[in-house]
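Taken in sequence, the protein lines are chains A and F. When we follow full-length UniProt numbering, the leftmost residue of the first sequence carries the number 1, and every step to the right adds one. When we follow full-length UniProt numbering, the leftmost residue of the second sequence carries the number 1, and every step to the right adds one. Beta carbons: idealized from backbone N, C-alpha and C, even for Gly. The structure appears right after this line, and notes come after that.
2 protein chains.
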Amino acid sequence: MDGYDKYAFEPFAVTVDLAVFTIRGGALHVLLVERGQEPYAGRWALPGGFVRPDESAESAARRELGEETGLTDVSGLHLEQLRTYSEPGRDPRMRVVSVAFAALLPHAPEAHGGSDAAQARWTPYDCARELAFDHDRILADARDRVGAKLEYTCLATAFCPSEFTLGELRQVYETVWGTALDRPNFRRKVLATPGFVEAVPGAARLTGGRGKPAALYRAGTAAILHPPLLRPTPEGRPA
Amino acid sequence: MDGYDKYAFEPFAVTVDLAVFTIRGGALHVLLVERGQEPYAGRWALPGGFVRPDESAESAARRELGEETGLTDVSGLHLEQLRTYSEPGRDPRMRVVSVAFAALLPHAPEAHGGSDAAQARWTPYDCARELAFDHDRILADARDRVGAKLEYTCLATAFCPSEFTLGELRQVYETVWGTALDRPNFRRKVLATPGFVEAVPGAARLTGGRGKPAALYRAGTAAILHPPLLRPTPEGRPA
DNA sequence: GCAAAAGTGTTACTACTACACCCATGG
DNA sequence: CCATGGGTGTAGTAGTAACACTTTTGC
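What follows is the structure, given as structure tokens:
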């Protein structure tokens, strides 16, 4: 098993697949591209592409993210490796091993084709069904991971613009988790966690057109949330 | 980026690397193999090998686990995908992308060469330094992941034999985390979590030669631990 | 008896839950 | 004025931390 022979095994292709999430109109959206060729021609799929010989999977994912979203600067965006999908039959043509990533975007630029001709579109998560390859599963895994990470990390700010209200931050949780949170308790929890958010002095903004203007905050420097912000136990869990 | 051409890119080799943990004498140990050839000849490395054309990375990892440990049945052992390492220069000879896994073994069978000739040895985690390739980093990542998963899953029972005492289970936490836990509180926490452990009626065992015989338990059916069993905040964390 | 490990009890405190309530703004 | 969303207060409770204490074994 230790003999490295470049030709001892059938070559593998290595790709990256991206689950790019954003929140639009109170619903979780994911970026999909329409496939132009077989297999799965005409079907929607997660954006992605080959890892080039001179780059890591992380570099490839960030490059693809820029190409697909059309954003000029993707260096600050949160990009997280999920896991690698390697079942032998997952691509009918050849052996393709895919490293999956999740990305979180604050504001949704209208999707466009990017550098290649493929059509790209923001799709509500619940409508993203019957994707090409095993992308249904990758997408579901990505959402699970993002939801879990909201509990014990400060990841939620990655969905928000540089300045945001606590109501917008709470909407991130409610949208990803699909549950309502108690507003006063959420506020206290966030403010009691040092480094989660920092206030923008004096700034305020109206959110829904009505109501009291809300104070603005920026993302803090902390990365983990301790103690965690546990989602309400839906029912299936013990305790 | 969507043109699948098997020869458009330099071929990648795909391997698995395994961080196999066990607990021996109150210390966390990891299984290492000695490399017989360049590069890194004579250095210690994590066990692993190529993914074959007809198997997934998970299958390859379980196959390698059986070969390296000499265990006849590895089907029930906990095996968890960590992440994939794909930096271009991580193997000096060719482009190797490696999917890393962590495995947890209850009792430590004396290591032996396994099916191939390489020497294998259980090494205390703290002595596993200067490994081949980027295995230092993989090993550190594996330990971090296992430590984190002890907090919110029932994974700790994977380190224990089929019947174990609560003292042994507590030692798992203390060994992996490197901190002491309050014995009475740990006991209550574990027993208060439905499905974590189930009592073996009437059974008892002496643990340290002295002391009161401890009741025996088996691993339960629950997988997640809710609420989590948080490790004592070392200092670096907020709150 | 003494040391060691298992097991039980108790108190104080943290953190969260579920509300009621007030404030500021647009219509 | 009312509806809407932001912000504050507070009592009850679940869960944890930090002990003291008893029990059962080997030496």
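(message) Once the 5 residues before and after A:P88 are set aside, which same chain residues still bring their CB inside 7 Å of it?
(response) The residue given as residue 88 of chain A occupies position 88 in the first sequence. Exclusion of the five residues before and after A:P88 leaves R95 as the residues of its chain whose Cβ lies within less than 7 Å of its Cβ.
(message) At a cut-off of 7 Å, would you count F:D134 as near the ligand HEM, judging by its Cβ distance to the nearest heavy atom?
(response) This structure lacks the ligand HEM; in fact it carries no ligand of any kind.
(request) Between the Cα of A:T123 and those of A:R231, A:H226, A:T221, A:T22, spot the shortest distance and give me the residue it belongs to. (result) Taking the first residue of the first sequence as 1, we reach residue 123 of chain A at position 123. The candidate whose alpha carbon is nearest that of A:T123 is A:T22.
(message) How far does the alpha helix (DSSP H) with F:T22 in it extend, from its first residue to its last?
(response) By one-based count along the second sequence, residue 22 of chain F stands at place 22. First-last for F:T22: 13-24, but that is the beta strand (DSSP E), not the alpha helix (DSSP H).
(message) Considering only their Cβ atoms, is the gap separating A:V20 from A:Q119 smaller than 8 Å?
(response) Residue mapping note: residue 119 of chain A aligns to position 119 of the first sequence, counting from 1. Residue mapping note: residue 20 of chain A aligns to position 20 of the first sequence, counting from 1. Contact flag unset, no.
(message) Can you give me the C-alpha to C-alpha distance between A:V146 and F:P213, rounded to a whole angstrom?
(response) Counting from 1 along the first sequence, the entry for residue 146 of chain A is found at position 146. Counting from 1 along the second sequence, the entry for residue 213 of chain F is found at position 213. If I take the Cα positions, the gap works out to 45 Å.
(request) Check whether the Cβ atoms of A:S56 and F:S162 lie closer than 8 Å to each other. (result) Position 56 of the first sequence, counted from the start, is the residue given in the question as residue 56 of chain A. Position 162 of the second sequence, counted from the start, is the residue given in the question as residue 162 of chain F. Not closer than 8 Å, so no.
(request) Kindly indicate which three-state DSSP category A:T165 falls into: helix, strand or coil? (result) Within the first sequence, residue 165 of chain A is the residue found at index 165, counting from 1. Assigned with DSSP and collapsed to three states, A:T165 falls in coil, not helix or strand.
(request) Reducing DSSP to helix, strand and coil, say where F:Q81 ends up. (result) For the purposes of this step, residue 81 of chain F is taken as residue 81 along the second sequence, with counting starting at 1. If DSSP states are grouped into helix, strand and coil, F:Q81 belongs with the strands.
(message) Give me the chain F residues within the contact set of A:Q81, using Cβ-Cβ distance strictly less than 9 Å, ordered along the chain.
(response) Indexing the first sequence from 1 puts residue 81 of chain A at position 81. Going along chain F in sequence order, the residues near A:Q81 (Cβ under 9 Å) are R83, T84.
(message) I want to know whether the stretch 214-222 of chain A touches the stretch 190-197 of chain A - three or more CB-CB distances under 8 Å.
(response) yes
(message) Please confirm whether A:F12 has its beta-carbon closer than 8 Å to some beta-carbon of chain F.
(response) Here residue 12 of chain A is taken as the residue at index 12 of the first sequence, counted from 1. It does; some Cβ of chain F falls within 8 Å.
(request) Please name the residue or residues paired with A:Y217 in a DSSP beta bridge. (result) Locating residue 217 of chain A in the first sequence gives position 217, where the first residue counts as 1. The partner list for A:Y217 (beta bridge, DSSP) reads A:F164, A:A199.
(message) Between A:L150 and A:Y173, how many whole angstroms is the CB-CB distance? I'm expecting something under 8 Å.
(response) Here the question's residue 150 of chain A lines up with position 150 in the first sequence. Here the question's residue 173 of chain A lines up with position 173 in the first sequence. Between A:Y173 and A:L150 the Cβ distance is about 6 Å, and since that is below 8 Å, they are a contact.
(request) Quick one: grab the DSSP three-state call for F:H226. (result) Translated into the one-based positions of the second sequence, residue 226 of chain F becomes position 226. In the structure shown, F:H226 sits in coil (DSSP, three-state: anything other than H, G, I, E or B).
(request) Apply the 10 Å Cβ neighbour rule to F:A158 and answer buried if 16 or more other Cβ atoms are within range, or exposed otherwise. (result) Locating residue 158 of chain F in the second sequence gives position 158, counting from the first residue. With 16 or more Cβ atoms within 10 Å of its Cβ, F:A158 is classed as buried.
(request) For A:A57, go through chain F and note every residue whose CB falls closer than 7 Å to its CB, in chain order. (result) Position 57 of the first sequence holds residue 57 of chain A. Residues of chain F passing the Cβ test: T84, S86.
(request) Given a cut-off of 8 Å, decide if A:E64 and A:G76 are closer than it, judged by their beta-carbon atoms. (result) Numbered from its first residue, the first sequence carries residue 76 of chain A at position 76. Numbered from its first residue, the first sequence carries residue 64 of chain A at position 64. Their beta carbons are not under 8 Å apart, which means A:G76 does not touch A:E64 by this criterion.
(request) Could you please give me the residues that DSSP links to A:G49 through a beta bridge? (result) Numbered from 1 along the first sequence, position 49 holds the residue referred to as residue 49 of chain A. A:G49 is bridged to A:V16.
(message) Taking the straight line between their C-alpha atoms, what separation do you get for F:D144 and A:A142?
(response) In the second sequence, counting from the first residue as 1, residue 144 of chain F sits at position 144. In the first sequence, counting from the first residue as 1, residue 142 of chain A sits at position 142. Each residue's Cα considered, the two are about 21 Å apart.
(request) Find the residues of chain F that neighbour A:T157, judging by a C-beta separation of less than 9 Å, and give them in chain order. (result) Taking the first sequence and counting its residues from 1, one reaches residue 157 of chain A at position 157. What A:T157 touches in chain F: nothing, since even the nearest Cβ is about 15 Å away.
(message) Please report the straight-line C-alpha distance between A:H226 and A:F101, rounded to a whole angstrom.
(response) The sequence position of residue 226 of chain A within the first sequence is 226, counting from 1. The sequence position of residue 101 of chain A within the first sequence is 101, counting from 1. Roughly 25 Å separates the two Cα atoms.
(request) Determine the direct distance from the alpha carbon of F:R210 to that of A:Q81, and round the result to whole angstroms. (result) What you label residue 81 of chain A is simply residue 81 of the first sequence in a count that begins at 1. What you label residue 210 of chain F is simply residue 210 of the second sequence in a count that begins at 1. The straight-line gap from Cα to Cα measures roughly 48 Å.
(message) What would DSSP say about F:T157, mapped onto helix, strand or coil?
(response) Taking the second sequence and counting its residues from 1, the one referred to as residue 157 of chain F is at position 157. Helix.
(request) Below 6 Å CB to CB, which residues in the same chain sit around A:H78 once its five sequence neighbours on both sides are set aside? (result) As a first step, residue 78 of chain A is located in the first sequence; it is residue number 78 there, counting from the start. Hits under 6 Å: L104, A158.
(message) Short of 6 Å in beta carbon distance, which residues of its chain neighbour A:H135, apart from the five on each side in sequence? Order them along the chain.
(response) For the purposes of this step, residue 135 of chain A is identified with residue 135 of the first sequence, where counting begins at 1. So the list reads A45, L46, once near-sequence residues are dropped.
(request) Taking the CB atoms as reference points, tell me whether residue 264 of chain F and F:L181 lie closer together than 8 Å. (result) The question about residue 264 of chain F has no answer, for chain F in this structure spans 1 to 239.
(message) So that I know if they touch, is there some Cβ in chain F lying closer than 8 Å to that of A:T233?
(response) The sequence position of residue 233 of chain A within the first sequence is 233, counting from 1. Taking Cβ atoms only, chain F reaches closer than 8 Å to A:T233, which makes this a yes.
(request) Using a Cβ cut-off of 8 Å (strictly closer), state whether A:H226 contacts chain F. (result) On the first sequence, residue 226 of chain A is found 226 positions in, with the first residue counted as 1. It does; some Cβ of chain F falls within 8 Å.
(request) Starting from A:S98, trace the alpha helix (DSSP H) both ways and give me its first and last residue. (result) For the purposes of this step, residue 98 of chain A is identified with residue 98 of the first sequence, where counting begins at 1. Note, A:S98: premise wrong, no alpha helix (DSSP H); beta strand (DSSP E) at 96-104.
(message) When you compare the CB of F:V99 with every CB in chain A, is at least one pair closer than 8 Å?
(response) Here residue 99 of chain F corresponds to residue number 99 of the second sequence, with the count starting at 1. Chain A, which has a Cβ nearer than 8 Å to the Cβ of F:V99, makes this yes.
(message) In whole angstroms, give me the CA-to-CA distance for F:R93 and A:E130.
(response) Looking up residue 93 of chain F in the second sequence gives position 93. Looking up residue 130 of chain A in the first sequence gives position 130. Straight-line spacing of the CA atoms in F:R93 and A:E130 works out to 40 Å.
(request) Go to F:T69, then tell me how far its alpha helix (DSSP H) extends in each direction, as first and last residue. (result) Indexing the second sequence from 1 puts residue 69 of chain F at position 69. Looking at the DSSP string, the run of the alpha helix (DSSP H) that includes F:T69 is 57-69.
(message) Given this structure, state the Cα-to-Cα distance separating F:P238 from F:V74, to the nearest angstrom.
(response) Mapped onto the second sequence, residue 238 of chain F falls at position 238. Mapped onto the second sequence, residue 74 of chain F falls at position 74. For F:P238, the predicted model reports a pLDDT of 37, less than 50, meaning its position is unreliable; a value from the coordinates is still stated below. About 40 Å.
(request) Could you check which residue in F:E110, F:D91, F:S98 has the C-alpha nearest to that of F:F133? (result) Reading the second sequence from its first residue, position 133 is the one you call residue 133 of chain F. Of the listed residues, the one whose Cα sits closest to F:F133 is F:D91.
(request) Let me know if F:C154 comes out buried or exposed under the rule of 16 or more other beta-carbons within 10 Å of its beta-carbon. (result) Residue numbering aside, residue 154 of chain F sits at position 154 when the second sequence is read from its first letter. Buried, since its Cβ has 16 or more Cβ neighbours within 10 Å.
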